[in-house]
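What follows is a set of notes on a single structure, which appears directly below.
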RNA sequence: GCGCCCUUAGCUCAGUUGGAUAGAGCAGCCGCCUUCUAAGCGGCAGGUCAGUGGUUCGAAUCCACUAGGGCGCACCA
C-alpha cells in the first residue's frame, strides 16, 4: 500500500473515531478528500485538505477540524510531525523510513507495483479504431488506435476487466465502392486495360493485390458479368482481405483486439429487431412527425409521420427516427443495436475512441445506453483531434481523394513502433498533435520518447557497471530490498522516491479520468527527476551512484536505481512500449 | 440557428477533478564535460489563465453571458 493510501486510511479512521466519540458531527457522509505532495517543499512531505473539505458538513471552521485530526494522528511512528497551516491545510512530515519502505515495496512487487483494484473487475469495453475495411491503416487512424490501446492497458492495471473491441460496417455504400474498385483491379489483373480510376472509386495501388488475388482464386468467372452477380462475392472477398490488412497493420504497433463485431452480423442474427422490440416494450417507440431541422436549407422538407425513439427523455435534443418513410431501418439503428449488444454482453462501462468529426455520436448514443441499461451503464467517448504530419519541418498535405496518404506501415518503418505509440500520447487527446518524422527520432531533450528511454538506459548503464563491484546475487531485487537505505537523504534522492510513490495514484486517477496521456506525462516527469539526480553526480563525484570505496551507500543507491527502472518499466508496460537497455547507436 | 470542444509565458503544451506563491519544454540570456552516456543538467527572465459577472473560506478548474477558433447537426450510411 502506498504512503498516500496509508495516510488517507489513517485520517479516515480518525474521523470515524471522532464521529463515534461525538467530538465531530456531520450533516452528511464523509466527503472526498485528498492526500498529496504539496507543491512547496516547505509545507512538508504530504498535505491534506480534509479539514476544509469537512468544514461545511461539520459546521465548524477548518482549523478546528484540523486540530481534531491532528490530535488523532499523533503520534504514529511514520508521522514525524503534524502542522496546521493556511486556511486549514494539514501538513505532515514523515519519518525517512517511509520513503525507504516505498523503495523496498517497489523492489518486492516489481512491475506489478501500481496495480490497483479500483475497477473491482467491472467489465469495460474499449472500442477503438473501428475503421471500415476500405483501405490500410493510415496516419489518421493511428492516434485513436494508440489512445484506445493504452487506455485498455491502463484500465487493466487499475483492476477493470477489459475487452478491446473493433466494430466495422461491411455493408453499405463505402464497402460497395470498395467492391467496385476491387472489381476494376480484378479486370486489370486479367489483362484488361482499365485506364485511370474513375472518380468516386478508391485511388491508390493497394487494391491491385486484392484484384490479383481474386483473379487467382476465381479466374474469369466474373468477367463481363453484370454487377448484380459479382458485387456480393467481390465485396465479401475484399472485406475479408482488407480486415486482414488492417489487423496486420495494427499488429505493427502492437495492437490486437479481442472482439470484432460487424454490422452485417447484427442485422442477420436479428439483433436490430430485438433491440427495437425492447425499446417498444419500454414504451419508447411512437409514430410522430418531427419539426424541420433549423438553420439548414431544407428545400425538399415535408412533414411526414415516422417511427420515432423517445430519446429526448434521456437528454437528447430531439427524438430520433428509427425507420425511414419507406419502412427500412434508419442508419442509426445498427448503432443502437450494437450498443444494446454491448449491454447484453454485460459491459457496465463502454468507452469509445473517436475523431472529433464524430461530434454528434455521443448525444445520439447516450440516450440509447441509458434506455437499455435503465441508466445504469456508462458510455463515454474520447474525442481525439487531428494529427498534422510534418516532414523536415514542412507540413504534409494529406488527401484521401488523390490517394496521398501516410500509412501506418510507413510511420512504423521510419520511426519505430514505440516512438509512434509514445508520441501519440504527448498531448491531451483534444489538442491537435504535430507529428514530425524528424523530431520523433531525434535524440535530444525535445523528444519525450527519447528522454524517457534515456532515463531507463541510464539506469541499466549504472547497473551494468555495478557488476564490477558486486556479485549478481547482491544485485537482485530481493537482495536490494534488504539493504540499508539510510544514506538516501539528499533532496534529489527523496524527490525521486516521492515521484515513484506517485505512480500508483497516477494509475488510479488516470484510469478514473480515462486519460491515458497522463501516463506519458508522468513518465516524462519521473525521467526528469532521475536526470536531475544523475546530473548531481556531474557536479559532485560523491553523489554518483557508484562510489567504489563506499559499498553500503552504493548498494542503497543501486536499490534506488533498480526501483526507478522498475517504475519506468511498469509505465512502459502501460504505454505498450519496450524499454531500451542501451541507446548508444553502433554498439 | 442549435449542440459539443478549445482559448494558460514569444512558441508548443501540462495542470493530479475546487487548494497554499499557476508549471514544463522550446526560443532568449548566464553557467557546467579529467565524468556511471554532456544525446545531458543548473540558473535567470518571461503571466490580466480570452473577457465580464456569479457560486464560497478558496476558481485556470464549477455556473451564466460575451468574443474568437474547431467540429457536428436529414429519413445520408
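Numbering (the working numbering), first residue to last: 16 to 602. We put the CB at the ideal spot given by N, CA and C, even for glycine.
Check                                                                                                                                                                           : Outcome
Express the C-alpha separation of residue 103 and residue 61 in angstroms, rounding to a whole number.                                                                          : 14 Å
Could you spell out the range, first to last residue, of the beta strand (DSSP E) harbouring residue 138?                                                                       : 138 to 142
Under DSSP, the beta strand (DSSP E) around residue 364 begins and ends at which residues?                                                                                      : 364 to 370
Among residues of its own chain, excluding the 5 on either side of residue 601, which ones have a beta-carbon nearer than 6 Å to its beta-carbon?                               : With a pLDDT of 38 at residue 601, under the threshold of 50, the modelled position of this residue cannot be trusted; read the value that follows with caution. The answer is none, since no qualifying residue turns up.
With burial defined as no fewer than 16 other Cβ atoms inside 10 Å of the residue's Cβ, what is the status of residue 343: buried or exposed?                                   : exposed
Between the region 486 to 502 and the region 82 to 96, are three or more C-beta pairs nearer than 8 Å?                                                                          : no
Which residue comes first and which comes last in the alpha helix (DSSP H) that contains residue 452?                                                                           : 452 to 456
Using DSSP with H/G/I as helix, E/B as strand and the rest coil, what is residue 21?                                                                                            : helix
Check whether the region 117 to 131 touches the region 326 to 342, counting contact only when three or more Cβ pairs, one atom from each stretch, lie closer than 8 Å.          : no
State the Cα-Cα distance for the pair residue 561 and residue 512, rounded to the nearest angstrom.                                                                             : 18 Å
Measuring only the C-alpha atoms, how far is residue 425 from residue 334?                                                                                                      : 44 Å
Do you know how far the Cα of residue 75 is from the Cα of residue 592?                                                                                                         : 50 Å
Return yes when the Cβ of residue 253 is within less than 8 Å of the Cβ of residue 166, no when it is not.                                                                      : no
Assign residue 318 to one of two classes, buried (16 or more other C-beta atoms within 10 Å of its C-beta) or exposed (fewer than that).                                        : exposed
Taking only runs of the beta strand (DSSP E) that begin and end inside the region 85 to 148, which ones reach a length of at least 3 residues, in chain order?                  : 94 to 100, 104 to 109 and 138 to 142
Just how far apart, CA to CA, sit residue 63 and residue 23?                                                                                                                    : 9 Å
Quick check on the burial criterion: 16 or more other C-beta atoms within 10 angstroms. Buried or exposed for residue 586?                                                      : buried
Note down the Cα distance separating residue 300 from residue 381, rounded to an integer number of angstroms.                                                                   : 17 Å
Taking the runs of the beta strand (DSSP E) that are 3 residues or longer, which of them lie wholly in the region 225 to 293?                                                   : 274 to 277
Return the residue from the list 375, 275, 337 and 293 that minimises the CA-CA distance to residue 303.                                                                        : 337
Which same chain residues end up closer than 8 Å to residue 349 when comparing Cβ atoms and leaving out the 5 residues on each side of it in sequence?                          : 184, 278, 281, 282 and 287
Going along the chain, which residues of its own chain have a beta-carbon closer than 6 Å to the beta-carbon of residue 130, five neighbours each way excluded?                 : 172
Excluding the 5 residues preceding and the 5 following residue 353 in the sequence, name in chain order all residues of the same chain whose CB lies nearer than 7 Å to its CB. : 182, 276 and 281
Determine the closest residue to residue 444 out of 28, 238, 110 and 530, with distance taken between C-alpha atoms.                                                            : 530
Okay, do the region 555 to 575 and the region 502 to 517 touch, 3+ Cβ pairs below 8 Å being the bar?                                                                            : yes
For residue 360, does the count of other Cβ atoms within 10 angstroms reach 16, so buried, or fall short, so exposed?                                                           : exposed
Is residue 145 buried or exposed, if buried means 16 or more other CB atoms sit within 10 Å of its CB?                                                                          : buried
For residue 180, count neighbouring Cβ atoms within 10 angstroms of its own Cβ and tell me buried if that reaches 16, exposed if not.                                           : buried
What is the DSSP secondary structure of residue 543, reduced to helix, strand or coil?                                                                                          : helix
Do you know whose CA, among 365, 41 and 289, lies nearest residue 176's CA?                                                                                                     : 365
Is residue 602 helix, strand or coil by DSSP?                                                                                                                                   : With a pLDDT of 35 at residue 602, under the threshold of 50, the predicted position of this residue should be treated as unreliable, though the coordinate-derived value follows. Three-state DSSP puts residue 602 in coil, outside helix and strand.
Can we count residue 573 as close to the ligand PLP, meaning its CB is less than 7 Å from some heavy atom?                                                                      : Inclusion of the ligand PLP in the displayed structure is not the case, the ligand content being empty and no account of it being possible.
Is residue 508 helix, strand or coil when you go by DSSP?                                                                                                                       : helix
At what residues does the alpha helix (DSSP H) containing residue 398 begin and finish?                                                                                         : Note, residue 398: premise wrong, no alpha helix (DSSP H); beta strand (DSSP E) at 393 to 399.
How far does the beta strand (DSSP E) with residue 300 in it reach, from first residue to last?                                                                                 : 300 to 303
With distances taken Cα to Cα, identify the nearest neighbour of residue 187 among 345, 412, 265 and 43.                                                                        : 345
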